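Residue 1 is where the sequence shown starts when you use full-length UniProt numbering, and the numbers rise one by one after that. Don't be surprised by glycine CBs; every beta carbon is placed ideally from N, CA and C. On a predicted model such as this, the values are computed, not experimentally measured, just so you know.
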Amino acid sequence: MEFERFKDRYEAGRELARSLSRYAHRPDVWVLGLPRGGVPVAYEVARALGAPLDVLIVRKLGVPGHEELAMGAIAPAGVRVVNQELLEQLEIEPQRLEQVERRERAELERRQQAYRGKRPFPDLSGKIVILVDDGLATGASMRAAVLAVRAMNPARIVVAVPVAPPDTCEALLEVADEVKALRQPEPFRAVGLWYEQFPQTSDEEVQDLLRRSQGGQ
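Here it is in structure tokens:
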């Protein structure tokens with residue numbers, strides 16, 4: 001099946017929001033974007049649904065020398081997801097994994113400070129939480145995000161992305177209550193291939209979108 005590409009993350013977010021319309025204008029819904037690329041998508045989703053927007057910072061643990069390949073991911077509150085099968089297959093020693101995790105944990109803390117400052121994390125207990133990214137490949141980062149949110153006792157966790165491979169969507173249903181992916185191409189290859197424009201999202205863009213969202217714009 002041929003899939004049309006998205007123009008950019010904002011267009012993808014508007015289209016994604018239409019598929020989530022049953023969650024519109026409900027007081028118990030929160031939208032959390034995964035920085036950095038997931039935040040422009042999440043901004044459009046939150047705006048269309050009339051829901052508050054925040055960020056949940058996760059970091060992929062990339063295989064040394066092949067950083068785009070996830071051997072795991074980390075999220076706040078000490079959450080860590082590891083692909084044990086991949087570690088064994090590539091013979092990655094525990095100390096190499098710990099080295100990568102230390103580096104990524106430092107970057108996670110830096111981003112927490114940059115995007116949140118002293119602003120407390122929202123109380124998600126009993127809420128419907130929609131976790132948004134610009135796309136999924138292995139799903140490691142999103143799995144870590146779901147597990148981090150699950151510890152906050154939400155009523156429901158919805159994973160929502162513009163594009164992801166079918167097997168990743170299926171695997172995420174082990175931890176999420178619902179997975180919404182507008183395009184599920186096979187072969188998948190890479191998230192960026194499904195966008196006409198896919199520039200790197202900057203810290204400044206994330207901060208600006210959060211400010212605009214909190215300002216009610």
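Pairwise C-alpha distance: residue j and residue i
| i | j | result |
| --- | --- | --- |
| Glu-94 | Met-71 | Per the sequence presented here, residue 94 reads as Pro, with Glu not at that position. If I take the Cα positions, the gap works out to 12 angstroms. |
| Ala-51 | Ser-213 | 9 angstroms |
| Ala-17 | Phe-6 | 14 angstroms |
| Asp-54 | Glu-204 | 15 angstroms |
| Val-129 | Pro-162 | 17 angstroms |
| Arg-116 | Arg-150 | 20 angstroms |
| Val-100 | Gly-62 | 8 angstroms |
| Ile-157 | Glu-88 | 31 angstroms |
| Leu-90 | Glu-67 | 13 angstroms |
| Met-152 | Glu-107 | 23 angstroms |
| Val-206 | Glu-186 | 31 angstroms |
| Val-81 | Gly-215 | 34 angstroms |
| Gln-197 | Arg-96 | 35 angstroms |
| Lys-118 | Gln-112 | 9 angstroms |
| Pro-154 | Cys-169 | 20 angstroms |
| Leu-34 | Phe-188 | 21 angstroms |
| Glu-4 | Ala-77 | 38 angstroms |
| Gln-217 | Ser-202 | In this prediction, Gln-217 scores a pLDDT of 42, lower than 50, which makes its location untrustworthy; the coordinate-derived value is nonetheless stated afterwards. The straight-line gap from Cα to Cα measures roughly 20 angstroms. |
Cβ-Cβ separation, residue j to residue i (assumed contact under 8 angstroms), whole Å
| i | j | result |
| --- | --- | --- |
| Leu-124 | Met-142 | Contact flag wrong, Cβ pair sits at about 16 angstroms. |
| Trp-30 | Lys-127 | 5 angstroms |
| Ala-144 | Val-39 | Ala-144 to Val-39, Cβ: 17 angstroms. No contact. |
| Val-79 | Ala-148 | 5 angstroms |
| Leu-182 | Ser-19 | 6 angstroms |
| Asp-134 | Val-41 | 5 angstroms |
| Val-146 | Val-191 | So it is not a contact: roughly 18 angstroms between Cβ atoms. |
| Leu-56 | Leu-32 | 4 angstroms |
Closest by C-alpha distance to residue i, when choosing among the options
| i | options | result |
| --- | --- | --- |
| Gln-200 | Glu-4, Phe-3, Asp-8 | Asp-8 |
| Gly-139 | Gly-78, Leu-69, Leu-210, Arg-22 | Leu-69 |
| Ala-48 | His-25, Glu-178, Val-58, Gln-207 | His-25 |
| Ala-110 | Gln-99, Gln-89, Ala-144, Ala-75 | Correcting the residue type first, residue 110 is Arg in the shown sequence and not Ala. The residue with the shortest Cα to Cα distance from Arg-110 is Ala-75. |
| Leu-209 | Gly-37, Ala-73, Val-58 | Gly-37 |
| Tyr-23 | Glu-15, Val-45, Pro-40 | Val-45 |
| Arg-14 | Val-100, Leu-61, Gln-84, Ala-160 | Ala-160 |
| Lys-60 | Arg-211, Glu-98, Asn-153 | Glu-98 |
| Gly-65 | Pro-185, Ile-92, Ser-21 | Ile-92 |
| Tyr-10 | Phe-121, Leu-173, Tyr-43, Phe-188 | Tyr-43 |
| Pro-165 | Gln-184, Met-152, Ala-155, Lys-180 | Gln-184 |
| Arg-103 | Gly-215, Ala-73, Gln-84, Cys-169 | Ala-73 |
Bounding residues of the beta strand (DSSP E) (the contiguous stretch that carries residue i)
| i | result |
| --- | --- |
| Arg-18 | Note, Arg-18: premise wrong, no beta strand (DSSP E); alpha helix (DSSP H) at 9 to 18. |
| Arg-80 | 79 to 82 |
Residue range of the unbroken alpha helix (DSSP H) whose run includes residue i
| i | result |
| --- | --- |
| Val-206 | 203 to 214 |
**Request:** Within the region 95 to 179, note down every full beta strand (DSSP E) run reaching 3 residues or more, in order along the chain.
**Result:** 128 to 132, 156 to 163
**Asked** Taking the runs of the alpha helix (DSSP H) that are 4 residues or longer, which of them lie wholly in the region 34 to 75?
**Response** Uninterrupted alpha helix (DSSP H) stretches at least 4 residues long and entirely within the region 34 to 75 occur at 38 to 49, given in chain order.
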